[in-house]
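Report on the structure given below.
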């Protein structure tokens, strides 16, 4: 039986060892199990274009689907998915595994540590603290009828946040209660900030990667990211006909810019593609690629685009479709394909043979404290400027006298 395939490491591998055909990869090993169970000998044939299949206007197909349409092969395996267009040229077996479509994207990297003094609180918290400092003195002066300037009370409250004691003398119970409430609030804010600041300085924060297709579509439209799909796969038609607008936009941009990659792209080429870019494919292939790339530098999307069922493509007059579907049903019940999947992922991990070293010592550098030194310098500059203004002012006043 002639079987169409596309050679790809960890997916479908074919080698002649001592005159015997040895099949490897998850799809190759799955075909080997089928051939042994049904008792046929495999003759492999690969399309020249190395594509799954692209439909031309005249109704002919390229790639694996084209070979089946021309009856050059009897079946084809390569993470194939059934569709209405393909069903006009070939027939399909029952699904032998369920997967989903996701994307793999490079992580943006770490947040600059020099601004780490701002990281313990988010923007909303900083805005609330600033508003309290600006409005609080006015409120206390009005409620307590204090005979103190707004600026002096503002600096008193700011000093409380910086763990400085208050110098305001109050006598009434109402004043003491309000001052105590503010002191507790200032103490809690100061403790929360100081307890988390060191961790933000010593352990770099990572910017969150793109997590779903809506974020990916927005990034692609803005021009900050590219998005690649496999050449000749079913993904592009699925994107273009999606009911979700952002998915259709993503498909149009991919088609317009011809952002496609081939199954046989070398790992170094894929590394170049994955610079400020994403690759859309089925989860298993992306997990293989992720494990082959640099450790913890790439992330899979959290939300899938759609669930898909892998099938075997057959020529229209295939004789043993019923027997094949019965065998697939039994193999699904036994979980054989899932076993092959786990073994191939383990093989990827072992082949990588990379030692991951993690340093237990975390050192603070001068650049990590850039923000703190900058504010210290600004404070000293303002103090010197204020002192100079006071000296000049009192010198002028003394000269007039």
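In the numbering used here, the protein residues as written are 3 to 403.
We put the CB at the ideal spot given by N, CA and C, even for glycine.
This one's a predicted model, so the numbers in the text were calculated from it and none came from an experiment.
Whole alpha helix (DSSP H) runs in the segment 287-339 with 4 or more residues, listed along the chain? 323-336
Between residue 53 and the rest of its own chain, which residues show a CB-CB distance below 7 Å, the 5 nearest in sequence each way excluded? 64, 65, 233 and 234
Mind reading off the beta-carbon distance from residue 3 to residue 44? Whole number of angstroms is fine, and I expect it under 8 Å. 6 Å
Pick helix, strand or coil for residue 260, following the three-state DSSP scheme. coil
I need the DSSP call for residue 81, collapsed to helix, strand or coil. strand
Where the alpha helix (DSSP H) containing residue 33 begins and where it ends: 27-40
In whole angstroms, what is the alpha-carbon distance linking residue 9 and residue 49? 10 Å
Looking at the structure shown, is residue 57 part of a helix, part of a strand, or coil, going by DSSP? strand
Can the beta-carbon of residue 27 be found closer than 7 Å to that of residue 14? yes
Measuring alpha carbon to alpha carbon, tell me which of 42, 212 and 149 ends up nearest residue 170. 149
Residue 228 - containing beta strand (DSSP E), residue span: 228-232
Answer yes or no: do residue 105 and residue 282 have a C-beta to C-beta separation smaller than 7 Å? yes
Does DSSP put residue 389 in a helix, in a strand, or in coil? helix
Less than 7 Å between the C-beta atoms of residue 202 and residue 230, yes or no? no
Does DSSP put residue 103 in a helix, in a strand, or in coil? strand
Contact between the segment 95-114 and the segment 289-306: three or more CB pairs below 8 Å? yes
Please state the DSSP three-state secondary structure of residue 19. strand
Among 90, 138 and 294, which residue has its Cα nearest to the Cα of residue 60? 90
Residue 353 in three-state terms, based on DSSP: helix
With residue 46 as the anchor, note down where its beta strand (DSSP E) starts and where it stops. 45-47
Residue 97 to residue 322, Cα distance in whole Å? 16 Å
Note down, in chain order, each residue of its chain lying with its Cβ closer than 7 Å to the Cβ of residue 251, except the 5 sequence neighbours on either side. 219 and 223
Short Cβ contact (7 Å threshold) for residue 329 with residue 39: yes
Please name the residue or residues paired with residue 149 in a DSSP beta bridge. In DSSP, residue 149 forms no bridge with anything.
Return the Cβ separation of residue 347 and residue 293 in integer angstroms, given the expectation that the two are a contact with Cβ distance under 8 Å. 7 Å
Take residue 30 and list the residues in its own chain whose beta-carbon comes closer than 6 Å to its own, dropping the five residues that flank it on each side. 14 and 15
Quick check: what's the CA-CA separation for residue 67 versus residue 315? 8 Å
Would you kindly work out how many angstroms separate the C-alpha atoms of residue 257 and residue 368, rounded to a whole number? 48 Å
Grab me the residues of residue 112's own chain with a C-beta within less than 6 Å of its C-beta, minus the 5 sequence neighbours each way, in chain order. 206 and 208
Any non-hydrogen atom of the ligand HEM within 6 Å of residue 232 CB: This structure lacks the ligand HEM, and indeed carries no ligand of any kind.
Since residue 119 is in the alpha helix (DSSP H), which residue starts that stretch and which ends it? First-last for residue 119: undefined, no H or E at that position.
Does residue 240 come out as helix, strand or coil in the three-state DSSP assignment? helix
According to DSSP, simplified to helix, strand and coil, what is residue 282? strand
Spatial neighbours of residue 138 in its chain, beta-carbon cut-off 6 Å, leaving aside the 5 residues before and after: 159
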